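**Student:**
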Amino acid sequence: MRRCTICLFAMLLVLLCVVPLFAQPGVAWNTTFGGPDGDWCWGIGSRQTVDGGFIMIGSTESEGAGEPTDILLVRADEDGTELWSATFGRPGQWEEGVSVLPDGDGGYTVCGFIDMEDPVSDSLVFIRTDANGVELSRVTHSAVGGYNEFNGAKRTSDGGIIAVGELDDYFFLLRLDGDLEILWWETFGGDGIDDDGFDVIELSSGGFAGVGYNRSSSANEDQDFWLIVVDGNGALQWDATYGDGNEQEASVVLETTDGGFLIGGDAADAEGNAYAWLVRTESEGTVIWDHTFPGGGAGIWDIFSLYEDDEGSLYIGIVAVPEDLEQADELLYKLDSGGNEVWSTTYGGDRTDLGAFVPTGDGGFALLGATNSWGFGDMDFWLLKTEPLTSVGEGGLTDALPAGFSVIDAYPNPFNSTVRLPFSLHRAGGVEVMVYDILGRRVATLLRGALAAGRHEAVWSADGLAAGTYLVRLSLDGKTVASRRVSYVK
185 MRRCTICLFA
195 MLLVLLCVVP
205 LFAQPGVAWN
215 TTFGGPDGDW
225 CWGIGSRQTV
235 DGGFIMIGST
245 ESEGAGEPTD
255 ILLVRADEDG
265 TELWSATFGR
275 PGQWEEGVSV
285 LPDGDGGYTV
295 CGFIDMEDPV
305 SDSLVFIRTD
315 ANGVELSRVT
325 HSAVGGYNEF
335 NGAKRTSDGG
345 IIAVGELDDY
355 FFLLRLDGDL
365 EILWWETFGG
375 DGIDDDGFDV
385 IELSSGGFAG
395 VGYNRSSSAN
405 EDQDFWLIVV
415 DGNGALQWDA
425 TYGDGNEQEA
435 SVVLETTDGG
445 FLIGGDAADA
455 EGNAYAWLVR
465 TESEGTVIWD
475 HTFPGGGAGI
485 WDIFSLYEDD
495 EGSLYIGIVA
505 VPEDLEQADE
515 LLYKLDSGGN
525 EVWSTTYGGD
535 RTDLGAFVPT
545 GDGGFALLGA
555 TNSWGFGDMD
565 FWLLKTEPLT
575 SVGEGGLTDA
585 LPAGFSVIDA
595 YPNPFNSTVR
605 LPFSLHRAGG
615 VEVMVYDILG
625 RRVATLLRGA
635 LAAGRHEAVW
645 SADGLAAGTY
655 LVRLSLDGKT
665 VASRRVSYVK
């Protein structure tokens, strides 16, 4: 179970590998949020906001309705200064925050889990808030008589939510509409043998891909990476397992620019030695290459972050737990498109530090998670901002060269007339923002010209067009660097 595995992440030790031709990003600033007791943010469900700030989600024992835990939401600006925090919980319930998703009206949907003493009463909770974290409404969903474990959620292109987790030893995918009502809830595997799902993404071609682990299809009940691809209605299209007879558990999945998949997670060999494992596949699941990050002992090494830049380089964030379980740090690796290591670096103090990386608009990363190396309490929310990535030429360090990430967002989404499209450029260049319909026909050119690196915005009015889903593409110097699906409703 991931919940048991996560408990081990309260400690780590890490190795630093330096490749002399490249300079890894240093720390720009480092801050914490929390009270005197335990405040835990796993980082995977937290994110950067369109204004350059951050929204973080987790659980707290320091504040709220009382023990055991409540959901904690923290909003910070682009410099890490807290703007507000909010808790969600009721006495006697163990409530954990899983993911926070921006809404089209400036508010948020808080996705969490209510863990009761009686496991058949466990439920998934979805809470709508305003822009300041004030609760507006909540919806709970639970399979009758079933044990639920909620591990992740993402916003879908139609304004709904896709969620992933475990239901009574089955891997589940749950799709909600924009009103948080169930469209479908599908399970895979099971048969009395433990299977679980940890991450899910919407695919550019439609449908969804989820990853986790599979035991039920193994003759020896070995635990393998499991990739499941479904259509928009939850019907299984195909699935694949990846393993070598050891214990593997997939934590995150990324659709690569060539239409394939990058799958990362944790593993252990027959002697119990931990390593992180990365697998790259073609679009139909055939393995292209795999890469092992050796942990060097009986701890836990798990991949929490996967990103690909517009040059095909890969960035891998790893939580590393050593055998002595007395320290925890975060590793950031850069790989080339063939899976070869370019550089790695470590972030953390002398105690427990864990989380997930997200790329930022200035070409660096933010690390969102939890720490007791710094801060006030037993554990605190942790937010670290790196400097932009740089490279070393013959004359020494260049000016700050970006990580290669450009992003575009949409607000509101779905929309009924006009949609704002804020975007960040990782470098200056010739920019185009185009809109295409589902047949691939260009229906609008929103922007064309030279822009500086940083944050910008385009606006699109869809009046006169048919309602439906459209794709907005951001191109830099003739190459598509980011895209966003938007839904036009009348």
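The working numbering puts the first residue of the sequence shown at 185, with every later residue one more than the last. Virtual Cβ for every residue (Gly too), placed ideally from N, Cα, C. Values in this document were obtained by computation on a predicted structure and should not be read as measured data.
DSSP three-state label for His475, please.
**Tutor:** Against the sequence shown, residue 475 aligns to sequence position 291. Residue state, collapsed to three classes: strand.
**Student:** Would you check if the distance between the CB atom of Val318 and the CB atom of Ile255 is smaller than 9 Å?
**Tutor:** Working through the sequence shown from its first residue, we reach residue 318 at position 134. Working through the sequence shown from its first residue, we reach residue 255 at position 71. Not closer than 9 Å, so no.
**Student:** For my contact list, Ala337 and Thr570 are in at a C-beta cut-off of 8 Å; report their separation, rounded to the angstrom.
**Tutor:** What you label residue 337 is simply residue 153 of the sequence shown in a count that begins at 1. What you label residue 570 is simply residue 386 of the sequence shown in a count that begins at 1. So it is not a contact: roughly 26 Å between Cβ atoms.
**Student:** Can you give me the Cβ contacts of Gly416 inside the same chain, cut-off strictly under 6 Å, excluding the 5 residues immediately before and after it?
**Tutor:** Position 232 of the sequence shown holds residue 416. Answer for Gly416: Gly390, Gly391, listed in chain order.
**Student:** Between the Cα of Asp223 and the Cα atoms of Leu446, Asp534, Glu279, which residue gives the shortest distance?
**Tutor:** Walking along the sequence shown from the start, residue 223 turns up at place 39. When each option's Cα is compared against that of Asp223, the closest is Glu279.
**Student:** Kindly indicate the opening and closing residues of the beta strand (DSSP E) around Ser269.
**Tutor:** What you label residue 269 is simply residue 85 of the sequence shown in a count that begins at 1. Residues 266–272.
**Student:** Taking the beta carbon of Arg274 as the centre, do at least 16 other beta carbons fall within 10 Å, making it buried, or is it exposed?
**Tutor:** For the purposes of this step, residue 274 is identified with residue 90 of the sequence shown, where counting begins at 1. Counting the other CB atoms within 10 Å of its CB gives Arg274 a total below 16, which places it among the exposed residues.
**Student:** Which one or two residues does DSSP pair with Val615 in a beta bridge?
**Tutor:** In the sequence shown, residue 615 corresponds to position 431, counting from 1. Paired residue(s): Gly633, Leu660.
**Student:** Just how far apart, CA to CA, sit Val348 and Thr425?
**Tutor:** Here residue 348 is taken as the residue at index 164 of the sequence shown, counted from 1. Here residue 425 is taken as the residue at index 241 of the sequence shown, counted from 1. Answer to the nearest angstrom: the Cα atoms are 17 Å apart.
**Student:** Quick one, which of Gly290, Leu320, Ser326 has its alpha-carbon nearest Ile298's?
**Tutor:** Translated into positions along the sequence shown, residue 298 becomes position 114. When only C-alpha atoms are compared, the closest one is Ser326.
**Student:** How is Ser671 classed by DSSP in three states: helix, strand or coil?
**Tutor:** Along the sequence shown, read from residue 1 onward, the residue named residue 671 stands at position 487. The answer is strand: DSSP assigns Ser671 an E or B state.
**Student:** I think Thr530 touches Asp513, with their Cβ atoms under 8 Å apart; what is that distance to the nearest whole Å?
**Tutor:** Here residue 530 is taken as the residue at index 346 of the sequence shown, counted from 1. Here residue 513 is taken as the residue at index 329 of the sequence shown, counted from 1. With a Cβ gap of about 5 Å, Thr530 and Asp513 count as contacting.
**Student:** Would you kindly work out how many angstroms separate the C-alpha atoms of Thr602 and Asp287, rounded to a whole number?
**Tutor:** Taking the sequence shown and counting its residues from 1, one reaches residue 602 at position 418. Taking the sequence shown and counting its residues from 1, one reaches residue 287 at position 103. So the alpha carbons of these two residues sit roughly 16 Å apart.
**Student:** Apart from the five residues just before and just after Ser401, which ones in its own chain have a Cβ nearer than 8 Å to its Cβ?
**Tutor:** For the purposes of this step, residue 401 is identified with residue 217 of the sequence shown, where counting begins at 1. Closer than 8 Å at the Cβ level, and outside the excluded window around Ser401, lie Gly373, Thr425.
**Student:** On a CA-only basis, which of Val656, Gly237, Gly652, Arg604 is nearest Ser671? Give me that one, please.
**Tutor:** As a position in the sequence shown, residue 671 is number 487, starting the count at 1. Selected option, being the one with the closest Cα: Gly652.
**Student:** Output yes or no for whether 9 Å exceeds the beta carbon distance between Ala562 and Phe217.
**Tutor:** Within the sequence shown, numbered from 1, the residue matching residue 562 stands at position 378. Within the sequence shown, numbered from 1, the residue matching residue 217 stands at position 33. At residue 562 the sequence reads Asp, which differs from the Ala that was named. No, these two residues do not count as a Cβ contact at 9 Å.
**Student:** Leaving out five residues before and five after Glu641 in sequence, what residues of the same chain have Cβ atoms less than 8 Å from its Cβ?
**Tutor:** Here residue 641 refers to the residue found at position 457 when the sequence shown is read from its first residue. Shown here for Glu641: same chain residues with a beta carbon closer than 8 Å to its own, the five before and five after excluded, namely Arg604, Leu605, Pro606, Phe607 in chain order.
**Student:** Do Gly523 and Leu498 have their CB atoms nearer than 9 Å?
**Tutor:** Your numbering for residue 523 matches position 339 in the sequence shown. Your numbering for residue 498 matches position 314 in the sequence shown. In this structure, Leu498 lies closer than 9 Å to Gly523 by Cβ.
**Student:** Roughly how many whole angstroms lie between the Cα atoms of Met618 and Asp494?
**Tutor:** In the sequence shown, counting from the first residue as 1, residue 618 sits at position 434. In the sequence shown, counting from the first residue as 1, residue 494 sits at position 310. Approximately 18 Å between the Cα atoms of the pair.
**Student:** Does DSSP put Gly394 in a helix, a strand or coil?
**Tutor:** Position 210 of the sequence shown, counted from the first residue, corresponds to residue 394. In this structure, Gly394 counts as strand in the three-state DSSP scheme.
**Student:** Which stretch, first to last residue, makes up the beta strand (DSSP E) that contains Phe599?
**Tutor:** For this step, residue 599 is matched to residue 415 along the sequence shown. Premise fails: Phe599 is in no beta strand (DSSP E) and is neither H nor E.
**Student:** Using the Cα positions of Glu333 and Arg535, report the straight-line distance between them to the nearest angstrom.
**Tutor:** Working through the sequence shown from its first residue, we reach residue 333 at position 149. Working through the sequence shown from its first residue, we reach residue 535 at position 351. Between Glu333 and Arg535, the C-alpha separation is close to 29 Å.
**Student:** Beta carbon of Ser489, beta carbon of Ala540: below 9 Å?
**Tutor:** Numbered from its first residue, the sequence shown carries residue 489 at position 305. Numbered from its first residue, the sequence shown carries residue 540 at position 356. In contact: Ser489 and Ala540 (Cβ atoms closer than 9 Å).
**Student:** Is the distance from the Cβ of Phe238 to the Cβ of Ala260 below 9 Å?
**Tutor:** For the purposes of this step, residue 238 is taken as residue 54 along the sequence shown, with counting starting at 1. For the purposes of this step, residue 260 is taken as residue 76 along the sequence shown, with counting starting at 1. Against a cut-off of 9 Å, the Cβ pair of Ala260 and Phe238 comes out as a contact.
**Student:** With DSSP collapsed to three states, give me the class of Leu446.
**Tutor:** The count along the sequence shown starts at 1 and reaches residue 446 at position 262. Leu446 falls in the strand class under three-state DSSP.
**Student:** Please tell me whether Gly229 has its Cβ less than 9 Å away from any Cβ of chain B.
**Tutor:** The chain labelled as chain B is not found in the depicted structure, where only one protein chain is given.
**Student:** Opposite Ile500 in the DSSP bridges: which residues?
**Tutor:** For the purposes of this step, residue 500 is identified with residue 316 of the sequence shown, where counting begins at 1. Answer by DSSP bridge pairing, in chain order: Leu490, Tyr517.
**Student:** Pull up the distance between the alpha-carbon of Asp442 and that of Glu492, whole angstroms please.
**Tutor:** Mapped onto the sequence shown, residue 442 falls at position 258. Mapped onto the sequence shown, residue 492 falls at position 308. Going by the C-alpha atoms only, they are around 11 Å apart.
**Student:** If we ignore side chains and look at the alpha-carbon of each, how far apart do Leu267 and Leu320 end up?
**Tutor:** Here residue 267 refers to the residue found at position 83 when the sequence shown is read from its first residue. Here residue 320 refers to the residue found at position 136 when the sequence shown is read from its first residue. Distance between the alpha carbons of Leu267 and Leu320: 19 Å.
**Student:** What's the C-alpha gap between Asp406 and Thr544?
**Tutor:** Sequence index remark: in the sequence shown, residue 406 carries index 222 (1-based). Sequence index remark: in the sequence shown, residue 544 carries index 360 (1-based). Roughly 38 Å separates the two Cα atoms.
**Student:** Please state the DSSP three-state secondary structure of Tyr654.
**Tutor:** Residue numbering aside, residue 654 sits at position 470 when the sequence shown is read from its first letter. Strand at Tyr654.
**Student:** Flag this pair as yes or no: are the beta carbons of Ile487 and Ile500 separated by less than 9 Å?
**Tutor:** Within the sequence shown, the letter at position 303 stands for residue 487. Within the sequence shown, the letter at position 316 stands for residue 500. Yes, the Cβ-Cβ distance between Ile487 and Ile500 is below 9 Å.
**Student:** Report yes if the C-beta distance between Ser283 and Ile241 is below 9 Å; otherwise report no.
**Tutor:** Residue mapping note: residue 283 aligns to position 99 of the sequence shown, counting from 1. Residue mapping note: residue 241 aligns to position 57 of the sequence shown, counting from 1. Yes.
**Student:** Give me, in chain order, the residues of the same chain whose beta-carbon lies closer than 6 Å to that of Leu630; leave out the 5 immediate sequence neighbours on both sides.
**Tutor:** Here residue 630 is taken as the residue at index 446 of the sequence shown, counted from 1. So the list reads Val617, Ala642, Trp644, once near-sequence residues are dropped.
**Student:** CB-CB under 6 Å to Gly291, same chain, minus the five flanking residues each way: which ones, in chain order?
**Tutor:** Reading the sequence shown from its first residue, position 107 is the one you call residue 291. Cβ within range, chain order: Thr313, Asp314, Ala315.
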